[in-house]
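These protein sequence lines map, in sequence, to chains A and B. Take 511 as the starting number for the first sequence in this note's numbering and just add one per residue. Take 325 as the starting number for the second sequence in this note's numbering and just add one per residue. Single-structure report; data block below.
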Amino acid sequence: MTIAFEELEGSPVIAVGADGTTARRVFRVAWADWPQFVRDLIGSYRRAGTDYYFIPPLEFPGLPGVVVSSLEVSPFDPGNPDGTEVSTLTSGTNSYPAAGAKITADYEALPADDEPSRGELPATPSGTYLTYRADLGSEFHTTSSRGWHWDTAGSPPLAPDVNPGIVIPTGVFRLIWQRVVAPNWTAIRQLRGKVNDAPFVGAAAGTVLFLGARVVRQFEFGEGMGFWRVEYLFSERAIELAGGGLAGWNHAYKEQAVNGEHWLPLVDEDGNGPYAAADLTPLFEFGTG
Amino acid sequence: MPLLSGKSGRVLADGAALAEITLWTFKTLRRNVAYASSATGGFRRRLPGVREGSGRFNFVVAAANPANANLQTGAELTLSLCLDASRCYTVPAMIDSVAIETDISGGGPITGWAEFSTTGAWTEPE
């Protein structure tokens, strides 16, 4: 159903800044039509069995990927309410049939499916948006004095109270997945604390540790409406090995080098490293629960 | 076509006739909303807004039971603004102001007027 609307004077307003393009449009619709109009602007999913059918949010004309990020509905003429539905606190609200509703839609730029914010991001279902943010991290590793001596001829091992430290640069990155219809709760639970078994976001296998997810509801509006914003947190630890390759989360510093390499993989009696490896891509598939 | 004369007009406040009324006015209006949009083709359009009314009535201060004695600013009362003996506007109103004018140099009668605004829906004469 197409809803009759008009775009009001003064609309639109477009801002282009360092954080991307934002815009605002202001519409007038009949009071009874505002819920459906809002649904159309936000977009939605329809679920049929285990399949999801995506109804995309309406983009800002001429600006692909600029979609509605928030909406405000207010009376177009607040001075002319009709209170016939207001008999108790829960029976209804004022309506404004004479002048209708004013809908203010704020838009922001989200990366389009075919133009991700950076390369090598995991594939995601159509209609969802994945953005990447990275931050600094570091790890301080204290070594034993026994393996070190001053770099002078005949120098003995360091005194026991001298423990050289090694700063290991690490990184924390977030993959923020928006407009998710059904987070994959099972994958989140099963993959937390595991490392990647294959290259992931450009990082070598074994170097990315999945720390967990922060999940919040977004665009919750009425029955069957609403998405989730899923923020995945990963820590990347990649130490260049002397003989080539990278040491990840299952490597530790060995006092005595083996073939000139101090960073060696750790395993237990069963041959398992501290962190199990797994395919992290199910994090970016819809859940079925 | 016969014209209506105002000579039988009167004003009642809560059912009691006010003395020595010389004139009354009642103006109704809608606070319409003007706007322009993608659909108005370069012209402003208006939508009907909320209704309200206001008016005033003039009186001569009678020695006994002057009209202003029954009018307090801020008071809510039901005014009957009558065109004649049977046709009246029934107006819930709030008295906004009451004024008295004493003509010392001319020696004319002491007059006054009250201004009011509607407070709710009114009925018009049939």
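Heads up, the beta-carbon is just placed ideally off N, CA and C, and yes, glycines get one too.
Counting other Cβ atoms within 10 Å of its Cβ, Val726/A stays below 16 and is therefore classed as exposed.
Rounded to the nearest whole angstrom, the CA to CA distance from Glu439/B to Ala445/B is 18 Å.
If you check each beta-carbon in the region 517 to 540 of chain A against every beta-carbon of chain B, the ones closer than 7 Å belong to Glu517, Leu518, Glu519, Arg538.
When Leu599/A, Phe729/A, Thr653/A are compared, the shortest CA-CA separation from Pro567/A is found for Phe729/A.
Assigned with DSSP and collapsed to three states, Phe796/A falls in coil, not helix or strand. Within the region 648 to 726 of chain A, complete alpha helix (DSSP H) segments of at least 4 residues are found at 695 to 701, given in chain order. With respect to the 9 Å criterion, Arg739/A and Val690/A are classified as neighbours on the basis of their beta carbons.
For Thr791/A, same chain residues with a beta-carbon under 6 Å away, outside a window of 5 residues either side, are Pro632 in chain order. Taking a C-beta distance under 9 Å as the contact criterion, Ile524/A and Leu573/A qualify as a contact pair.
Taking each of Gly732/A, Gly657/A, Ala619/A, Pro679/A in turn and checking the Cα distance to Thr717/A, the smallest one comes out for Pro679/A. Looking at the backbone, the Cα of Arg699/A and that of Pro693/A are separated by about 11 Å.
In the DSSP secondary-structure assignment, Pro775/A is bridged to His761/A.
Neighbours of Ser378/B across chain A, judged by C-beta separation under 9 Å, do not exist; the nearest C-beta is about 16 Å away.
The beta carbon of Thr443/B sits no closer than 9 Å to any beta carbon of chain A. For the pair of segments examined, the region 398 to 406 of chain B was found not to touch the region 551 to 562 of chain A: the number of CB pairs separated by less than 8 Å stays below three.
Membership of Trp348/B in the beta strand (DSSP E) is indicated by the continuous run 345 to 359. Contact residues of the region 579 to 599 of chain A toward chain B are Phe586, Asp587, Gly589, Asn590, Pro591 (C-beta to C-beta distance below 9 Å).
What Ala615/A touches in chain B, judged by beta-carbon distance under 9 Å, is nothing: the nearest beta carbon there is about 14 Å away.
Taking all protein chains shown into account, Arg747/A has 16 or more neighbouring C-beta atoms within 10 Å of its C-beta and is therefore buried. Thr634/A counts as buried, since no fewer than 16 other beta carbons sit within 10 angstroms of its beta carbon. Contact residues of the region 411 to 439 of chain B toward chain A are absent (C-beta to C-beta distance below 7 Å).
Gly339/B has a beta carbon lying at 9 Å or more from every beta carbon in chain A. Secondary structure at Ala438/B: strand, using DSSP grouped into helix, strand and coil. As a beta-bridge residue in DSSP terms, Ile613/A pairs with Phe537/A, Val583/A. Annotation for Ile565/A: the continuous beta strand (DSSP E) segment containing it runs 561 to 565. Here Val596/A carries a coil assignment [DSSP, helix/strand/coil]. By the C-beta criterion, the region 410 to 423 of chain B is judged not to be in contact with the region 357 to 372 of chain B, since fewer than 3 inter-stretch pairs fall below 8 Å. A residue is called buried once 16 or more other Cβ atoms fall within 10 Å of its Cβ, and Tyr742/A is buried on that count. By the beta-carbon neighbour count (other beta carbons within 10 angstroms, threshold 16), His772/A is buried.
Residues of the same chain with a CB within less than 8 Å of the CB of Ala713/A, apart from the 5 flanking positions on each side, are Asn706, Glu746, Ala748 in chain order.
Look at Asp789/A here: in three-state DSSP terms it is coil, with no helix or strand label. For Ile424/B, the uninterrupted beta strand (DSSP E) run begins and ends at 412 to 425, by DSSP. Of all residues in the region 602 to 613 of chain A, the ones placed with a Cβ closer than 7 Å to any Cβ belonging to chain B are Ala608, Ala609, in chain order.
DSSP places Ile524/A in no alpha helix (DSSP H) but in the uninterrupted beta strand (DSSP E) bounded by 523 to 527.
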